[in-house]
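Worksheet: one structure, shown below.
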Amino acid sequence: MTDSIELISSQKSFGGWHQRYRHRSETLGCEMVFAVYLPPQAEPEAGLPVLYWLSGLTCTDENFMQKAGAQRMAAELGLVIVAPDTSPRGPEVPGDPDGAWDFGLGAGFYVNATQEPWARHYRMHDYVVSELPALIEANFPVSQRRGISGHSMGGHGALVCALRNPGRYLSLSAFAPITHPSDCPWGQKALGRFLGEDPSAWREWDAVELLAGAGERLPILVDQGERDDFLAVQLKPEALREAAAAVGHPLELRFQAGYDHSYYFIASFIEDHLRHHAAALCG
């Protein structure tokens, strides 16, 4: 392991290890923290596949790892899970000028900002797609067989990372993703500030818009709670279904009765998602 990453904590879980690390990100221009779950099969030279998990608004690397209950199934399947933070952080990183929770710190939206003062630090897309995997593959017993998933803002991030980078990932899923950020308040606020007020610049960061020109037809699994308070205004899964149907992109969109936007929802269906990824990554 290189001295470019610093171990913060290490805890045994289902025979493997949940570990948190700190490193200096050149892409983001600040220190970043990420979490790794290494299943019991993670011996030297093991070359295990990796699932990258992207969390939602206000979250850090800790939410999913503590609340989703993914470690048991990851240990059974032999999957490494990597969970980055959701945005750059630190005294040098600007947040929302109004102190709002849905933009800035904890809300990087997994895009590459082009507008000031955000452009220097808010390049979460490049961090997730390039810098972090290179760091993981240089320091842990993993292969280049990658999957990606996420929740809400992180579901948006997972869809966009995969659709913009054909061949980079072998599997894709999302929980309650923001599917059409160009057409919802959360997305319009974030994209307008990060990318500028011209909506044409937003299209390459919008899964609904990207589906038509996707360079591969990677199957997508999406779960959505029917009692989700954000369903109609912010998430718009039907827009994703319509866009996928228009071009024949394989999408399994499941509406789950009685479930909301919480980690109780994620924990209830995380096994299905991990098996979905393992079918592509471990074969």
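Sequential numbering from 1 applies to the sequence shown in the UniProt record's numbering. Heads up, the beta-carbon is just placed ideally off N, CA and C, and yes, glycines get one too.
Quick one: give me the first and last residue of the beta strand (DSSP E) that W118 is part of. Indexing the sequence shown from 1 puts residue 118 at position 118. Note, W118: premise wrong, no beta strand (DSSP E); not H, not E.
Assign R193 to one of three DSSP states: helix, strand, or coil. Counting from one through the sequence shown, the residue named residue 193 turns up at place 193. Helix, per DSSP.
Close Cβ partners of C184 (< 7 Å) along its chain, the five nearest in sequence each way excluded: Within the sequence shown, the letter at position 184 stands for residue 184. Leaving aside the five residues that flank C184 on each side, the residues in its chain whose CB is nearer than 7 Å to its CB run, in chain order, I178, V233, Q234 and K236.
Inter-residue spacing [alpha-carbon to alpha-carbon] between A201 and F194: Taking the sequence shown and counting its residues from 1, one reaches residue 201 at position 201. Taking the sequence shown and counting its residues from 1, one reaches residue 194 at position 194. So the two alpha carbons sit approximately 10 Å from each other.
So, at 6 Å on beta carbons, what are the nonlocal neighbours of A246 in its own chain, with the 5 sequence-adjacent residues on each side left out? For this step, residue 246 is matched to residue 246 along the sequence shown. Answer for A246: no residue qualifies.
CA nearest to the CA of S182, picked from L7, P91 and F109: Here residue 182 refers to the residue found at position 182 when the sequence shown is read from its first residue. Comparing C-alpha distances from S182 to each of L7, P91 and F109 shows the shortest one belongs to F109.
Quick one, which of P49, I220 and Y127 has its alpha-carbon nearest R240's? Stepping through the sequence shown from its first residue, residue 240 is reached at position 240. Note on identity: in this sequence residue 240 is Leu, with Arg being the wrong assignment. With respect to the C-alpha of L240, the residue from P49, I220 and Y127 having the closest C-alpha is I220.
Between the alpha carbons of Y122 and R20, how many angstroms are there, rounded? On the sequence shown, position 122 is the one that residue 122 refers to. On the sequence shown, position 20 is the one that residue 20 refers to. Approximately 22 Å, taken between the alpha carbons.
Can you check DSSP and say which residues form a bridge with F14? Position 14 of the sequence shown, counted from the start, is the residue given in the question as residue 14. According to DSSP, F14 bridges with nothing at all.
Compare the Cα-Cα distances from S10 to each of L38, H23 and G29 and report the closest residue. Numbered from 1 along the sequence shown, position 10 holds the residue referred to as residue 10. Of L38, H23 and G29, the smallest CA-CA separation from S10 is found for L38.
So Q256 is in the alpha helix (DSSP H); what residue range does that whole segment cover? Numbered from 1 along the sequence shown, position 256 holds the residue referred to as residue 256. Not the alpha helix (DSSP H): Q256 falls in the beta strand (DSSP E), residues L251 to Q256.
Can you give me the C-alpha to C-alpha distance between G225 and A113, rounded to a whole angstrom? Residue numbering aside, residue 225 sits at position 225 when the sequence shown is read from its first letter. Residue numbering aside, residue 113 sits at position 113 when the sequence shown is read from its first letter. Rounded to the nearest angstrom, the two C-alpha atoms are 30 Å apart.
Status (buried if at least 16 other CB within 10 Å, exposed otherwise) for P91: Position 91 of the sequence shown, counted from the start, is the residue given in the question as residue 91. So P91 ends up on the exposed side.
Buried or exposed for Y264, please, with buried defined as at least 16 other CB atoms from any protein chain shown within 10 angstroms of its CB. Numbered from 1 along the sequence shown, position 264 holds the residue referred to as residue 264. That one is exposed.
By alpha-carbon positions, which one of E76, G104 and R227 ends up nearest to S262? The count along the sequence shown starts at 1 and reaches residue 262 at position 262. Of the candidates E76, G104 and R227, the residue whose Cα lies closest to the Cα of S262 is R227.
Count the other CB atoms, across all protein chains shown, that sit within 10 Å of the CB of I8; report buried if there are 16 or more and exposed otherwise. Taking the first residue of the sequence shown as 1, we reach residue 8 at position 8. Looking at its Cβ environment, which holds fewer than 16 other Cβ atoms inside 10 Å, I8 is exposed.
Nearest-angstrom Cα distance between G47 and G283? Counted from its first residue, the sequence shown places residue 47 at position 47. Counted from its first residue, the sequence shown places residue 283 at position 283. Roughly 13 Å separates the two Cα atoms.
Rounded to whole angstroms, how far is the Cβ of R120 from the Cβ of G15, which I believe are closer than 8 Å? Position 120 of the sequence shown, counting from 1, holds the residue named residue 120. Position 15 of the sequence shown, counting from 1, holds the residue named residue 15. Not really, about 42 Å apart at Cβ, beyond 8 Å.
Within 7 Å, strictly: CB atoms of A174 and G147: Translated into the one-based positions of the sequence shown, residue 174 becomes position 174. Translated into the one-based positions of the sequence shown, residue 147 becomes position 147. No, the pair does not count as a contact, with Cβ atoms beyond the cut-off.
Report yes if the C-beta distance between S55 and T86 is below 7 Å; otherwise report no. Counting from one through the sequence shown, the residue named residue 55 turns up at place 55. Counting from one through the sequence shown, the residue named residue 86 turns up at place 86. Between S55 and T86, the CB-CB gap stays under 7 Å.
Do you know how far the Cα of A190 is from the Cα of L57? Translated into the one-based positions of the sequence shown, residue 57 becomes position 57. Translated into the one-based positions of the sequence shown, residue 190 becomes position 190. If I take the Cα positions, the gap works out to 11 Å.
Reference M153; option with closest CA among H180, I136 and P166: Counted from its first residue, the sequence shown places residue 153 at position 153. Across the set H180, I136 and P166, the C-alpha of H180 shows the shortest separation from the C-alpha of M153.
Enumerate in chain order the residues of its own chain whose CB-to-CB distance from F269 is below 6 Å, with the five nearest sequence positions on each side excluded. Translated into the one-based positions of the sequence shown, residue 269 becomes position 269. In its chain, beyond the 5 residues on either side, D223 have a beta carbon closer than 6 Å to the beta carbon of F269.
Check whether the Cβ of L221 lies closer than 7 Å to any Cβ atom in chain B. Absence of chain B from the displayed structure is noted, only one protein chain being present.
Could you work out which residue in L274, R254, H23 and D102 is closest to I136 when comparing CA atoms only? To locate residue 136, count along the sequence shown from 1; it is residue 136. Of the residues L274, R254, H23 and D102, the one whose Cα lies closest to the Cα of I136 is H23.
Only counting the same chain, and skipping five residues up and downstream in sequence, which positions put a Cβ closer than 6 Å to that of D96? The residue given as residue 96 occupies position 96 in the sequence shown. Cβ contact annotation for D96 (same chain, cutoff 6 Å, sequence separation greater than five): F103 and G104, in chain order.
Mind reading off the beta-carbon distance from G155 to A176? Whole number of angstroms is fine, and I expect it under 8 Å. Along the sequence shown, one-based indexing puts residue 155 at 155. Along the sequence shown, one-based indexing puts residue 176 at 176. Yes, G155 and A176 are in contact; Cβ-Cβ is about 6 Å, under 8 Å.
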